[in-house]
Amino acid sequence: AEQILAEVGTDVEKQFPSSAHLCSWAGLVPGHNESAGKRKSTTMKKGNKYLKSALIEAAHSVKGSKTYLGALYRRTALRKGKKRAGISVAHAILRLSYYLLTRKEMYVDLGEDYFDKQKIVRANT
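Quick note on numbering: the sequence shown equals residues 1 to 125 in full-length UniProt numbering.
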């Protein structure tokens with residue numbers, strides 16, 4: 001949390017109109033390389049290297065926890081691998097931080113079983 005505040009500041013809404021803008025500034029979004037309607041794989045976008053490395057380190061430390069972010073890491077790691085899972089969770093942490101700073105709310109964890117509940121809801125509809 002301290003690293004995010006140190007790099008971004010407290011007036012997040014004035015600097016970044018949305019969480020997508022903040023994630024793009026931090027470099028936690030995929031690169032965009034498209035030609036003739038075909039998407040080509042690229043490296044990640046360049047961004048604030050201090051914030052990006054701190055968030056990715058935090059994301060990797062969450063992998064064994066029984067929280068929403070831990071479940072997101074494990075779920076993504078199965079499909080995409082550990083590195084992409086770390087980037088995905090770092091992106092989620094930064095988006096959560098943006099909403100917590102702009103709405104001045106406390107964080108409420110969705111729980112480890114959030115994705116299982118979503119599967120049940122989708123199956124019933």
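Glycine residues also receive a C-beta, built at the ideal position from the N, C-alpha and C atoms. Fair warning: this is a prediction, and the values are worked out from it, not measured in the lab.
In whole angstroms, what separates the C-alpha of residue i from that of residue j?
{"i": "V8", "j": "L69", "result": "22 Å"}
{"i": "Q15", "j": "H21", "result": "9 Å"}
{"i": "S19", "j": "K119", "result": "26 Å"}
{"i": "K104", "j": "F115", "result": "26 Å"}
With burial defined as no fewer than 16 other Cβ atoms inside 10 Å of the residue's Cβ, what is the status of residue i: buried or exposed?
{"i": "K82", "result": "exposed"}
{"i": "V12", "result": "buried"}
{"i": "K52", "result": "buried"}
{"i": "Y73", "result": "buried"}
Can you tell me where the alpha helix (DSSP H) with residue i in it begins and where it stops?
{"i": "K83", "result": "K82 to R103"}
{"i": "L22", "result": "S19 to A26"}
{"i": "N124", "result": "Y114 to N124"}
Residues bridged to residue i by DSSP?
{"i": "R79", "result": "None; R79 has no bridge partner."}
{"i": "E34", "result": "R39"}
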